[in-house]
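Structural data, given as C-alpha cells:
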C-alpha cells in the first residue's frame, strides 16, 4: 500500500484551533486509490517527521489534485514550508480506541490501557471527538484512585521530565475558580528571595479569564525553552514560565484543547493534570491551595476533603510531597480579573504601593509562609513573619525584577483601549460577588486573548456603597466586546449584589 | 451589536464530513470587531435561513477579507450560491451546555434539560466535541429509564412526525451487530403482500458495513421526500426508504455523525434512537429483533433481557406496541456482508433461487410470521405458514418489485471490480465465525461507502471444508482497499476458525 505519490504543500493558512487537518483534492491519487473519505484519520509524512491528521476533502480550485494543504497547527508540527512535499497514507485504527470505548461503557482502565490512551493523545493521534469522549468518560467521579494514579503516571511518562540535581524543589498550585487569585508571582519572588529553588512552570487559562502564564507574560517573556529556563533558575533560583513550551505533559496540553470549549475540568483529570506537571517539572515539595466557596470551583468543605485525599494519595504514590491549604473562596481576590489587570495587582503588592489589594497580599504571605515552613526555609510557626519581612524589605520585589530580567526583560502590563464602569443601582451594602459571573464577564470582554481585557472590581463583600457609586469596570480592546460584555452585565445584576441599606 | 457587514460567499468546497464550518479571513471586519478566535461558534445568516457554525480563521489568499467560505454541509444547509452574501455574528453560549456539563459530572437530566439539549442538537447548534461528550456521558448505563424516556420523547418532538390516518402501522427493527442479517426488505415485501401497511424508514450504516437503506439503495432509489413516500405507501402499502431524508429524528442523525467515528452505539441512545424513529414514522406496532451471540451487539440472554425491558417500558410510555424476538446471533446471516452483496441475498430469497441462503429466508419468515400475528393479519400460530405461502407463491417478490418501481425503479445491485478469495488453511470443520471481525473486514474493503464492497461467506459454522477450499471472498472497488483488508485478514486468522479434522 505504501505512502503513495508525494504531494506538494500549499499554504492555505486555515486555523482549526489545535486539530491537525490535511486538505486534499477530491481527485488526488491517494484519495482515489485508498478510498479515503472526509473525516478519515491519515498519516502525513514530511522530511522532518510524521503526524496523524483529519482529512478534509476539497472540491474547488484552492488546491490542485497534486497538492495538499495543512491546518496551521499541522504545518507547525511538521515544520514544513510552501512547496515541500508530503506523503499521505492510511493510518491503521488506533488500538487504544478499544480501551476508550471500554471506559465509555463503564469498564475500568488498567495501567496498560491508560498508558496506551495517553501515549496516543500525547502523540497527537486523537481527533477532537476522541478527546472529548475521553474527558467526558472520565468526569463525574468515573476515574477511581488507581485509574487516577495510572493517568497521572502515564501523563508524566509521555513527556519531558526535568531533573534539577538538588532538593527541595518547591512548587505551588491553586486549584482555581477564584478570579484574580494571582498569588504565584508573589510567592515565587518571596520563596526564591528566601533561598528556595522554585522553577515554576505555569499554564495558560483553560476556562478562566487568565492563567498565571498569561498574567506573567504581561510583565516578562514566558515562552522559554528548557536551556533558557535552566539559565534563569541557575542564576535566580526560580522562574515563572509557561509550561506548554517545554512539553512537560503533552497529553494534558492536548486534553485542554477540548476541556476549554467544553468548560470542563473534572476531578480526576484535574488531579492528574496538576500532579503530572509538578512531577514532570522535577518538584519535590508542592503546596496546593484549594479555595472553597459557593461559586468557587470547590464548593463545600466536604468536596475539598475528597479532593485533598485524592491529591495526597496520588502525589504520595508518585513520590511527591504535598501540603494542602484550604482558603476562603467566597469572592474574587484583589481588584483585577484578566491577565494585565491581575499583573497590576501583583506589582502593587510587590512594590508595596499604598493602594495595593490587602487580600491578595495576605493570601500570598500565608501561602509563602506555609511553603517556607514546608521546605525547611523557616521554622514552623515563623513562615508568615519571614515572608512578610522579605516582602516589606523590598527583597521580594528586587528578586521578582531579577527573575523577569533573566526571562528576557521586565515590562509594564498594557492598558485596554475601552473602559466602561458599572454603577451601584442603589445605596446599600455589597452582599455577594459571584466568582463565575465575574469570570464570564471578563472573558466576554476579551480575556485572556486580549491581555489588557477583563474586569476591575472596586468593592469587596461587606463594603457600603452609595447609589451610583462605581462597583466595577469592564476593560476591552474592541467596542464590540465591550458592548457584548455589557449586555451580559445588564442581564445579570446578581454579579455584584447590593443589599439596600 | 448586530450581525456586522455582509460578506460575499466564495465556494471553497471543503468537506468537513458533517460539521458546519465557516472560513473567514483573519483581517475581516467581523473577526476584528467581535474579537473572534478560531473554533468560536458563530451565527451565520443568509437569505434563506441561519445556522451555527464553527469558525476557522484563514490567513492566506484563498479568501479576501470581505469574503467568507463555508464547509460543504453548511453551504447545503443554507442553500446558498457563489456570490451570495451572509452576515456573521456572535452566537451566545448555549444554555443547554450547562445541562450537558451537569450530565458529564454525573447529575440526572430532567425532561426539560434533556429537551433543551436535544433541541440544540437537532438545530445543528452542537459542535462535534459537544456531541461526542454527550454521547460518552450517556453511555455505559448512565441514562436511567426516565432519562431514556425523556431523550426519546425529545427526539420525536424535535423532528417531523408522520400520521397515516389508519392502524395498525407495522414496523420492524433489528438491534444489529449481525453482519448480513438483511431481513427487512423481505419482511416488508411479505407484510405488504399480506395487506399490512408498512412504511419502512431505514437508516444507513453507523458502525456496520451496511444499513438497510444502503442495501435497498443498490436495488431502488431510497432518498424520497415525504410526498413521494406517501405516494409509494398509498399505492403499494409499504416502502423501504432512507429515514434521514425525511428528518424524522434530526437529533439522532446528528448524533450518528460522532457515534460512527467513535464506534459507539450505547444502550440508552440505542433505545431512544430506535423508538424515536418508529414513533416519528407513525408506527403503532413495532417488531424488534435482538440477535444474541458472543460476538453480536447483545452478547448474553441477561443483556438481552435488560434491553427488552428498557425497550418495552419506553415504547409503552410513548404509546407504541412492541413485540420483541430474540434470535440466534452466533454467526453472520446469508452469504453477503456489504450493501450490494446483501442485496443479492435478499433478491435470491425473494426470487426463490436454488442457491438462496436458507438461514436468511428462515429468519425473514420467522419475523414476518410474528409481525403478521402481532398486527392481526394472521391468527396466532399461523403467521409463519402464511408468510411462507406469500414467499413461495412469488407474491412477495412481485410486491417487492412493485415497491421498488414506485420508489423510482428496480435495479440489479452492482458488482465490485476486485475480488480476492481467502482459503481454508487446513481440512476440518468450521468452528466459529467472528461477527465483529467479519464486519471490520467488510468495512476495510470499502463498505458501506462503496456499495459493491464487502465480504462474501462461503461457509457456515459446522461445515466441513478441505484444505485450500474457499472460506470467503473480499470484494473491493480499489486495489488499495483490497490489500488493506487482506492485510487485516492475514493478521486475524480467527475471523473464520477451521478446527482440524
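Protein chains in written order, with the working numbering: chain A, 1 to 501; chain B, 1001 to 1501.
Where a beta carbon is used, it is the ideal one built from N, C-alpha and C, also for glycine.
This structure is a prediction, so every number in the text was calculated from the model and none was measured.
According to DSSP, residue pairing for residue 420 of chain A in a beta bridge involves A:474. Residue pairing by DSSP places residue 284 of chain A in no beta bridge whatsoever. Between residue 146 of chain A and residue 402 of chain A, the alpha-carbon positions lie close to 42 Å from each other. The C-alpha of residue 1372 of chain B is placed about 48 Å away from the C-alpha of residue 91 of chain A.
Here residue 350 of chain A has 186, 189, 396, 397, 400 as same chain residues with Cβ atoms under 7 Å from its own Cβ, once five neighbours each way along the sequence are excluded. Assigned with DSSP and collapsed to three states, residue 384 of chain A falls in helix.
Spanning the alpha carbons of residue 56 of chain A and residue 69 of chain A requires a straight line of approximately 10 Å.
Relative to residue 1432 of chain B, the option among B:1410, B:1412, B:1476, B:1460 whose CA is nearest is B:1460. Assigned with DSSP and collapsed to three states, residue 278 of chain A falls in helix.
Nearest CB-CB separation between residue 1295 of chain B and chain A: not below the 9 Å threshold.
If you check the CB distance, residue 320 of chain A and residue 267 of chain A do not come in under 9 Å.
It is roughly 32 Å from the alpha-carbon of residue 1356 of chain B to the alpha-carbon of residue 1260 of chain B.
For residue 27 of chain A, no chain B residue has a C-beta closer than 7 Å to its own C-beta; the minimum C-beta separation is roughly 12 Å.
By the neighbour-count definition (other C-beta atoms within 10 Å, threshold 16), residue 234 of chain A is an exposed residue. Judged by DSSP in its simplified three-state form, residue 273 of chain A adopts helix.
Between residue 261 of chain A and chain B, the shortest Cβ-Cβ separation is below 9 Å.
For residue 1045 of chain B, the uninterrupted beta strand (DSSP E) segment begins and ends at 1041-1046. What residue 1128 of chain B touches in chain A, judged by beta-carbon distance under 7 Å, is 128, 129, going in chain order. Contacts with chain B at 9 Å (Cβ-Cβ) include residue 141 of chain A.
Straight-line measurement puts the Cα of residue 1072 of chain B at about 37 Å from the Cα of residue 1284 of chain B. One Cα belongs to residue 1362 of chain B, the other to residue 135 of chain A, and the distance between them is close to 45 Å. Contact between the segment 1321-1331 of chain B and the segment 1290-1302 of chain B is present: three or more C-beta pairs spanning the two stretches fall below 8 Å. Interface annotation, residue 11 of chain A: in contact with chain B, CB-CB separation under 9 Å. Interface flag for residue 1495 of chain B against chain A is unset, since no Cβ pair is found closer than 9 Å. Here the C-alpha atom of residue 51 of chain A lies approximately 20 Å from the C-alpha atom of residue 1262 of chain B. A straight-line Cα-Cα distance of about 15 Å links residue 1195 of chain B and residue 1384 of chain B. Look at residue 353 of chain A here: in three-state DSSP terms it is coil, with no helix or strand label.
Around the C-beta of residue 1426 of chain B, fewer than 16 other C-beta atoms lie within 10 Å, and the residue is accordingly described as exposed. Taking 8 Å as the Cβ-Cβ cut-off, the segment 1251-1278 of chain B approaches chain A at 1258, 1261, 1262, 1263, 1264, 1266, given in chain order. With respect to residue 368 of chain A, residue 390 of chain A sits close: the two C-beta atoms are nearer than 9 Å.
At a cut-off of 9 Å, the C-beta of residue 95 of chain A has no neighbouring C-beta in chain B. Cα atoms of residue 1324 of chain B and residue 1358 of chain B: separation of roughly 22 Å, rounded to the nearest angstrom. Proximity of residue 1116 of chain B to chain A, defined by a Cβ-Cβ separation below 9 Å, is not satisfied. In this structure, the CA atom of residue 437 of chain A is about 17 Å from the CA atom of residue 420 of chain A. Under DSSP, residue 1432 of chain B shares a beta bridge with B:1497. Apart from the 5 residues on each side of it in sequence, residue 456 of chain A sits with its Cβ closer than 7 Å to the Cβ of 335, 336, 341, 472, 473, 475 in its chain, given in chain order.
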